[in-house]
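Residue numbers (this note's numbering): 190 to 397.
Ideal placement from N, C-alpha and C gives every residue a C-beta, glycine not left out.
These numbers were taken from a predicted model, which means no experiment stands behind them.
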């Protein structure tokens, strides 16, 4: 499976977000995680409606999961709270064919979780650019060992996506250690030109 680049939305309103987002899609972005903490379902629905329907199958929402059904979105990303909610299991039955993802923050969580996610974020791999003070705490050898073990595991083997401090300089190492992809927030939205930043990340991906 080819290495994937995912982008996460800025959590706060950003005037130029949607124009830049359309350019990111045109540049080849296939998965956009819509994370807007505190937004109501109506606010999130209005946001999705501003995006052309042709791109709805590239959107993953972090809240108000029924919107994935309403707008035929790519999938949902489960928060720690929603992963534990009984209602989540019933909802997942209504989402066949949609991607289901979650965030994990330790190798122990990565090794022991068993819900069949299509992919999981592991973070922070490097000090975060969008969350100052959010430091990495993973040893390269342990990462490589755990990712290699997961790939060899029979049955469920999740795609693991690196998050935190992803830049063109760190991306080749992320690939070499065994991640299936990388997710970027600050590396896109804190740059003067988000589209150019995305293209630089694309150029840094190693093609085997």
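- Classified as exposed, residue 395 has fewer than 16 neighbouring CB atoms from the shown chains inside 10 Å of its CB.
- Distance from the CA atom of residue 307 to the CA atom of residue 272, rounded to whole angstroms, is 14 Å.
- Residue environment: residue 247 is assigned as buried (16 or more neighbouring CB atoms within 10 Å of its CB, all protein chains considered).
- Distance from the CA atom of residue 265 to the CA atom of residue 330, rounded to whole angstroms, is 31 Å.
- When DSSP states are grouped into helix, strand and coil, residue 243 belongs to the helix group.
- Residue environment analysis places residue 263 among the buried positions, since at least 16 neighbouring C-beta atoms fall within 10 angstroms of its C-beta.
- For residue 348, the enclosing beta strand (DSSP E) stretches over residues 348-352.
- Here residue 194 is near residue 218, since their CB atoms are less than 9 Å apart.
- For residue 221, the three-state secondary structure derived from DSSP is strand.
- By the C-beta density criterion, residue 243 is exposed, having fewer than 16 other C-beta atoms within 10 angstroms.
- Pairing residue 369 with residue 350 gives a Cβ-Cβ distance under 9 Å.
- Under the rule that a run must span 3 or more residues, the beta strand (DSSP E) segments found entirely inside the stretch 258-313 read 264-267, 288-293, 308-311.
- Per DSSP, residue 370 lies in no alpha helix (DSSP H); the unbroken beta strand (DSSP E) holding it starts and ends at 370-373.
- In the DSSP assignment, residue 248 is bridged to 221.
- Nearest C-alpha to residue 250 among 233, 207, 342, 374: 233.
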